[in-house]
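In the numbering used here, the protein residues as written are 1 to 326.
Here's the structure, in structure tokens; my notes come after.
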Amino acid sequence: MPATMRAIVLDAPGPPTALSIRELPIPTPAPGWVLIQVKAFGLNRSELHTRLGLAEGVTFPRVLGIEATGVVTACPGGEFPIGQQVVAMMGGMGRTFDGGYAEYTCVPATQVIAFASNLDWATLGALPEMLQTSYGSLTVGLDAQPGQSILIRGGTSSVGMATAVLAKQRHMTVFATTRNSAKAAALTNIGVNHVLIDDGDVARQVHAIVPEGVDTALELVGTPTLPDTLRATRLHGVVCFTGMLSNQWIVHEFYPVDYIPRGVRLTAYGGDATDLPPQVLQAFIDAVAAGTAVVPIDHVYPFDQIVAAHTAMEAGTASGKLVVTT
Ligand SMILES: NC(=O)c1ccc[n+]([C@@H]2O[C@H](COP(=O)([O-])OP(=O)(O)OC[C@H]3O[C@@H](n4cnc5c(N)ncnc54)[C@H](OP(=O)(O)O)[C@@H]3O)[C@@H](O)[C@H]2O)c1
């Protein structure tokens, strides 16, 4: 094994060009940690927040990346065999210790999930954080049941599209929003039943289709749209606040009786690798291989195009996941 690796380092918050590719020593795992040869990694808004200086608790210089997909190359505690295909995510990756934007990453074994697949690495690299967030939002956040309806506010985001795919697997009726009518086909192609163009009054559009409102709703745009999402939801329906694409997540002067419609339930989701059971990851990968589920990928970049990839993420022009291969 070589002694050094290429890694993408952020010395301090800044524009996309603040991400620089450097040669760093390959980390040595302590017992309980796993060294992964990274094959691909997905980009996440969390890393955009870090680069913009909006993230709390991040120290610099830092190799970014809250997720990675690859192969185990060292595991002193014996939790995983050498050569095992794995994903890793969260738990401080790319925030309090160096993360997945590198040829190797060293992470706690508790953040690692094994799988087996012949799919290409770019497809597999799109999955960990996207699937964990979608699955966690549907289960922990919404307790979504087969046959229910779901409104996905921020439907063209990678989390939004993955949630639509999982919801369709559960035979749910999916409503999904975009601000850009040119992206409607990307949503119908993955099975979305009702594409809604977000004009700020999505509740009106929902009630025109289901007068009582949707059973469940996933808020990914943030607090500017949350009151309207709550209004789109039926009595005893559930709204889960998972994302804040608008970069706004605080409700000022929160007066519950005014803010939350009568009988609508507001919850939230944030989680980590333990929310994604290994069998759920494997079943999703197998469904993709069988052609019964799709991975919503917008674009795959080579490692040395990280500046272009971050520029695209910041511009918000994608429909689905941005992935980088090593
Ligand atoms: N709670 C958790 O555990 C967790 C974990 C992961 C991610 N998240 C959050 O989930 C959200 C989605 O993440 P992602 O990585 O899937 O996003 P993404 O793929 O980067 O989303 C891109 C899409 O977001 C929409 N968008 C961008 N800015 C917007 C704005 N100001 N208002 C409304 N829509 C906007 C655009 O859609 P249109 O142009 O089509 O409207 C764009 O295509 C983020 O807020 C992220 O922080 C939460």
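A virtual CB, placed ideally from N, CA and C, is assigned to each residue, including glycine.
Here the structure is a predicted model, which means the values were calculated and not measured.
Residue i Cβ short of 6 Å to ligand 1 heavy atom set
| i | result |
| --- | --- |
| residue 91 | no |
| residue 189 | no |
| residue 328 | The chain is shown from 1 up to 326; residue 328 falls before or after that span and cannot be answered. |
| residue 45 | yes |
| residue 244 | yes |
| residue 133 | yes |
| residue 301 | no |
| residue 221 | yes |
| residue 193 | no |
| residue 125 | no |
| residue 101 | no |
| residue 178 | yes |
| residue 269 | yes |
Counted within 10 angstroms of its Cβ, other Cβ atoms place residue i as buried (16 or more) or exposed
| i | result |
| --- | --- |
| residue 104 | buried |
| residue 281 | buried |
| residue 298 | buried |
| residue 331 | It is not possible to answer for residue 331, since the shown part of the chain is limited to 1 through 326. |
| residue 4 | exposed |
| residue 175 | buried |
| residue 83 | exposed |
| residue 44 | buried |
| residue 279 | exposed |
| residue 215 | buried |
| residue 50 | buried |
| residue 2 | exposed |
According to DSSP, residues forming a beta bridge with residue i
| i | result |
| --- | --- |
| residue 35 | 74, 106 |
| residue 147 | Answer by DSSP bridge pairing: none, since residue 147 is not bridged. |
| residue 25 | 4 |
| residue 93 | 97 |
| residue 69 | 40, 87 |
| residue 323 | 42, 300 |
| residue 113 | 87 |
| residue 178 | 197 |
| residue 307 | Answer is none; residue 307 lacks a bridge partner. |
Cβ separation of residue i and residue j, assumed to be a contact under 8 Å, to the nearest whole Å
| i | j | result |
| --- | --- | --- |
| residue 276 | residue 131 | 6 Å |
| residue 24 | residue 7 | 5 Å |
Contact test: residue i Cβ vs ligand 3 heavy atom, cutoff 6 Å
| i | result |
| --- | --- |
| residue 95 | What this structure holds is ligand 1, not ligand 3. |
Complete runs of the alpha helix (DSSP H) confined to the region 254-289 [at least 4 residues]: 256-259
Going residue by residue through the region 192-251, where are the continuous beta strand (DSSP E) segments of at least 3 residues, counting only ones entirely within it? 194-197, 214-219, 233-241
Entirely within the region 130-176 and at least 4 residues each: give me those alpha helix (DSSP H) ranges in chain order. 158-169
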